[in-house]
Structures are given as C-alpha cells and as structure tokens.
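Numbering (the numbering used here), first residue to last: -4 to 370.
From the three backbone atoms N, C-alpha and C, an ideal C-beta is built for every residue, glycine too.
Here the structure is a predicted model, which is why all the values come from computation and not from measurement.
Working notes, beginning with the structure itself.
Printed below as a string of structure tokens:
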C-alpha cells in the first residue's frame, strides 16, 4: 500500500509540474506492469502446452500475477484522454499536411485504436478467466478433464497472444513516432514481456518458498528450471535487440535510423550504453553458471535486477518521444511516480489473491510428478 500511495502522490505532482510529461510517465507505468501480467499469462499457457510438470507446484504464482490483466482496460481509460498529448497522429491538421500520416490513417485513428485496445484486453481477460477458473475448480473436484481443457485453451491462446501483444506494442509505443517503423518491434516487445513475467514469477516463487507458503516438498532444484529460462530469455532479448539495430544500421535508411539517432544524442547515449550493461551483461554474468540458476538468493537478486532493467528498457523506448522543454532533477524524478504506483497496485492485488486462494494447485494430477521432478 505504501508504494501505491507514494506513487500516486508523485504522479499527481507530475501532472501539476508538466501534464504532458506525466502522460508519458503514466504510459511507462502502464506498460511496465502490463508486460508483467501478460508475460505471466504466456508462462501459464506455455507450461500447459509444453506439459512442464516441474512448474505445477508453482503455477499459482503466474496466475496471481496475471490477475492484473483484466484491470488494465480500466487503467487504459486515462490514456484515451491523453492521446492528443502522446500521439502526433491524433492531430487532424498534422495528418492532413503529412502524406505519411495520411497513408497510415486507416489504421492510426482514435476510433480504431480504442476498438483494438478493447478487443485485445477482452481476449487476454477471457483466457485468464477461463484457465484460472478451471485451475481453481480442480482444487475441489480433482477432475483431470479440466487440465485437458486448459491445454486446449492455452494452445489457442498462444498464437492469439503473439498477434495481440505485437499490436499492443505497435499501438502504445511504436506509434509514438508514427513515421518510424520496425518489422522486428513486436518480437522485441514480446521478449521483454516474457522476461518481465518470468522475472516476477521467479521473485515471487523464491520469496514464498523462503516463507514456507509453497509445498514443503518443493526443493531448490525446482528453481533451476526458472533460472534456466531466465538465462535463456536474457539471451533472446539481447539477440532480438541486436538484430533490430543491425538491420536498421545495415539498411541505413534515414526514416529508420532517426529513431536510434535520437537515442544516441545527449544524455540518451549514456542510457543506451547503460541498457546494454544492465539488461544483458550483468544478468548474463549472474546466471551463467549452473549453481547460480538454483541458488535462491542469486535468483531473487537477478529477478529484481531484470525487472529494473526492463523498466529502463521501456523508459528508453518511450521517453525520448517526449519533446517538452522543461528539464531538471525534479521532473525526471516524477517520471517514476506512476510506475511505482502501478507496481504497488500489482503487489496489493497479488496478496489479495494469495490470501483468498490456494497457493498450490492441490487438485492438479501433475502436482506429484512436479514435486518429484529434478532438472
């Protein structure tokens, strides 16, 4: 609750000082916590489809994290009112005088934007509702058919998720500069979301296990799979990030390079270099050895670090598109008010679900195999 209150106070101050900058800050917090939630949903789907028995004892953690997703349709409403401040393509005069924006108008228009957002959140929320309902119902009925239903739901959801998250990334972030485009941007957003959801899941699993809230027979070796996935997707993010840069650098087209040039000017060049270090080199070093992947303290620290790096990554994607003239430490400080508030809201929602529902899916037929599994 403290994080939520502090974040809201700082966010309110941001709107007083600079409403446009505050709008970008809200988008930053919105997309940061959203990627954690939808990343958790994808982890649930992936584990069902892959038949990952090792994940069964800890599956309630991504379920609790994913509970935030349905609320984001409400949290998107303020952004609808801020669109004129955030998106240049919402200005009629600008569209009429710009042939590029005019050509993109059938896709980039306010009505279609809102329709896409609503449809995307309905699809994500529907998956969360049905798969979690079946999972919780199984605690009471022990019905194995519910697992099969969730496998089918997850198999259908994965391609839908890939398409909808790509559209969400393009709509919310890439269209901040409607002249720029990248065909790999959707994969970049996907890699960040999956890594964020995985890091949040790992952090929560380790903390709950340390406090004895998960199954008593769950051993540290079970953490090795989480550590291995974290390490794998750190490399995946780096590969996609480098691929996007390499393709644009090699083509050397002004309409594409301008996006990177903006992030290589002034203080942004420092953040660009810092991002490479904090989002790849440091977590890679932390998790490269086999013992580190199942060390609870190392995993907990790595998960927090990766979430911090993901926030810096989104800051690097979003904030250079803010073109206000006001600057100073107090303005930069207020940019993190809404991210802090939304993190606080996620923590409150997580503990609400944790206190209301079983922390372990006791009715899942794969639970026993998951407890015996040793990577």
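Length of the line joining the Cα atoms of residue 131 and residue 289: Residue mapping note: residue 131 aligns to position 136 of the chain shown, counting from 1. Residue mapping note: residue 289 aligns to position 294 of the chain shown, counting from 1. When rounded, the distance between both Cα atoms is 28 Å.
CB-CB length for residue 262 against residue 24, believed under 8 Å: Along the chain shown, read from residue 1 onward, the residue named residue 262 stands at position 267. Along the chain shown, read from residue 1 onward, the residue named residue 24 stands at position 29. Actually they are not in contact, since the Cβ atoms of residue 262 and residue 24 sit about 21 Å apart, beyond 8 Å.
Three-state secondary structure assigned by DSSP to residue 83: The sequence position of residue 83 within the chain shown is 88, counting from 1. In this structure, residue 83 counts as helix in the three-state DSSP scheme.
Exposure of residue 308, with buried meaning 16 or more beta-carbon neighbours within 10 Å: In the chain shown, residue 308 corresponds to position 313, counting from 1. Label assigned to residue 308: buried.
Start-to-end residues for the alpha helix (DSSP H) that takes in residue 275: Position 280 of the chain shown, counting from 1, holds the residue named residue 275. From DSSP, residue 275 is part of no alpha helix (DSSP H); its letter is neither H nor E.
Three-state secondary structure assigned by DSSP to residue 63: Within the chain shown, the letter at position 68 stands for residue 63. Three-state result, residue 63: coil.
Contact set for residue 118: own chain, Cβ-Cβ below 7 Å, skip 5 residues either direction: In the chain shown, the residue the question calls residue 118 occupies position 123. Counting only Cβ-Cβ distances below 7 Å, and skipping sequence neighbours, we find 155 and 159.
Which listed residue (54, 96, 291 and 85) has its alpha carbon closest to that of residue 352: As a working note, residue 352 is residue 357 in the chain shown. Closest by alpha carbon: 54.
Per-residue burial, residue 145 [other beta carbons within 10 Å of its own, 16 or more giving buried]: Here residue 145 refers to the residue found at position 150 of the chain shown. Answer is buried; the Cβ neighbour count reaches 16.
Inter-stretch contact at 8 Å, needing at least 3 Cβ pairs: the segment -2 to 12 / the segment 336 to 347: yes
Nearest-angstrom Cβ-Cβ length linking residue 52 and residue 209, presumed shorter than 8 Å: Sequence index remark: in the chain shown, residue 52 carries index 57 (1-based). Sequence index remark: in the chain shown, residue 209 carries index 214 (1-based). Yes, residue 52 and residue 209 are in contact; Cβ-Cβ is about 6 Å, under 8 Å.
Proximity to residue 166 [Cα-Cα], best of 141, 313 and 367: In the chain shown, residue 166 corresponds to position 171, counting from 1. Among 141, 313 and 367, the Cα nearest to that of residue 166 belongs to 313.
Residue 52, DSSP secondary structure in three states: Within the chain shown, numbered from 1, the residue matching residue 52 stands at position 57. DSSP places residue 52 in helix when its eight states are reduced to three.
Boundaries of the alpha helix (DSSP H) in which residue 293 is found, first to last residue: Translated into positions along the chain shown, residue 293 becomes position 298. From DSSP, the alpha helix (DSSP H) with residue 293 extends over 291 to 313.
Exposed unless 16 or more other CB atoms sit within 10 angstroms - verdict on residue 11: By 1-based counting over the chain shown, the position of residue 11 is 16. With fewer than 16 other Cβ atoms within 10 Å, it is exposed.
Range of the contiguous alpha helix (DSSP H) that encloses residue 337: Looking up residue 337 in the chain shown gives position 342. Unbroken alpha helix (DSSP H) run through residue 337: 332 to 351.
Assigned secondary structure, residue 177 (DSSP; H/G/I helix, E/B strand, else coil): Position 182 of the chain shown, counted from the first residue, corresponds to residue 177. Reduced to three states, the DSSP call for residue 177 is coil.
For residue 221 and residue 157, the rounded distance between their alpha carbons: As a working note, residue 157 is residue 162 in the chain shown. As a working note, residue 221 is residue 226 in the chain shown. Their backbone Cα atoms lie some 22 Å apart in a straight line.
DSSP state of residue 100 mapped onto helix, strand, coil: Taking the chain shown and counting its residues from 1, the one referred to as residue 100 is at position 105. In the structure shown, residue 100 sits in coil (DSSP, three-state: anything other than H, G, I, E or B).
Cβ shell of residue 299 (< 7 Å), same chain only, five flanking positions each side left out: Here residue 299 corresponds to residue number 304 of the chain shown, with the count starting at 1. Here the set comprises 198.
The segment 199 to 208 in contact with the segment 255 to 270 per 3-pair CB rule at 8 Å: no
Unbroken stretches of the alpha helix (DSSP H), 4 residues or longer, contained in the segment 147 to 228: 180 to 205
Meets three-Cβ-pair contact criterion under 8 Å: the segment 79 to 86 and the segment 38 to 47: no
The segment 233 to 240 touching the segment 190 to 197, judged by at least three CB pairs closer than 8 Å: no
Given residue 304 as reference, the closest of 271, 168 and 245 once Cα atoms are compared: Counting from one through the chain shown, the residue named residue 304 turns up at place 309. Answer by Cα proximity: 271.
Residue 90 classed as buried or exposed, judged by whether at least 16 other C-beta atoms fall within 10 angstroms: The residue labelled residue 90 in the question sits at position 95 within the chain shown. Flag for residue 90 reads buried.
Beta carbon of residue 330 nearer than 7 Å to that of residue 171: On the chain shown, position 335 is the one that residue 330 refers to. On the chain shown, position 176 is the one that residue 171 refers to. No.
Boundaries (first-last residue) of the alpha helix (DSSP H) holding residue 361: For this step, residue 361 is matched to residue 366 along the chain shown. Element bounds for residue 361: n/a, residue is neither H nor E.
Limits of the unbroken alpha helix (DSSP H) element including residue 259: Taking the chain shown and counting its residues from 1, one reaches residue 259 at position 264. Taken as a continuous stretch (DSSP letters only), residue 259 belongs to no alpha helix (DSSP H), as it is neither H nor E.
Limits of the alpha helix (DSSP H) - the one that residue 46 falls within: For the purposes of this step, residue 46 is taken as the residue at position 51 of the chain shown. Residue 46 -> no alpha helix (DSSP H), and no H or E assigned at all.
Residue 219 to residue 285 span [Cα, whole Å]: Reading the chain shown from its first residue, position 224 is the one you call residue 219. Reading the chain shown from its first residue, position 290 is the one you call residue 285. Using only the alpha carbons, I get a separation of about 8 Å.
Inter-residue Cα distance where the pair is residue 269 and residue 252: For the purposes of this step, residue 269 is taken as residue 274 along the chain shown, with counting starting at 1. For the purposes of this step, residue 252 is taken as residue 257 along the chain shown, with counting starting at 1. Taking the straight line joining both Cα atoms gives about 20 Å.
Straight-line gap, residue 28 to residue 242 (C-alpha atoms, nearest Å): In the chain shown, the residue the question calls residue 28 occupies position 33. In the chain shown, the residue the question calls residue 242 occupies position 247. If you take the alpha carbons of residue 28 and residue 242, they lie about 29 Å apart.
CB contact flag (residue 106, residue 348, <7 Å): Translated into the one-based positions of the chain shown, residue 106 becomes position 111. Translated into the one-based positions of the chain shown, residue 348 becomes position 353. Against a cut-off of 7 Å, the Cβ pair of residue 348 and residue 106 comes out as no contact.
Expected contact under 8 Å - CB spacing of residue 74 and residue 32 to nearest Å: To locate residue 74, count along the chain shown from 1; it is residue 79. To locate residue 32, count along the chain shown from 1; it is residue 37. 16 Å between Cβ atoms; not a contact.
Bounding residues of the alpha helix (DSSP H) (the contiguous stretch that carries residue 139): Residue 139 sits at position 144 when you count from the first residue of the chain shown. Segment: none, residue 139 is in no alpha helix (DSSP H) and carries neither H nor E.
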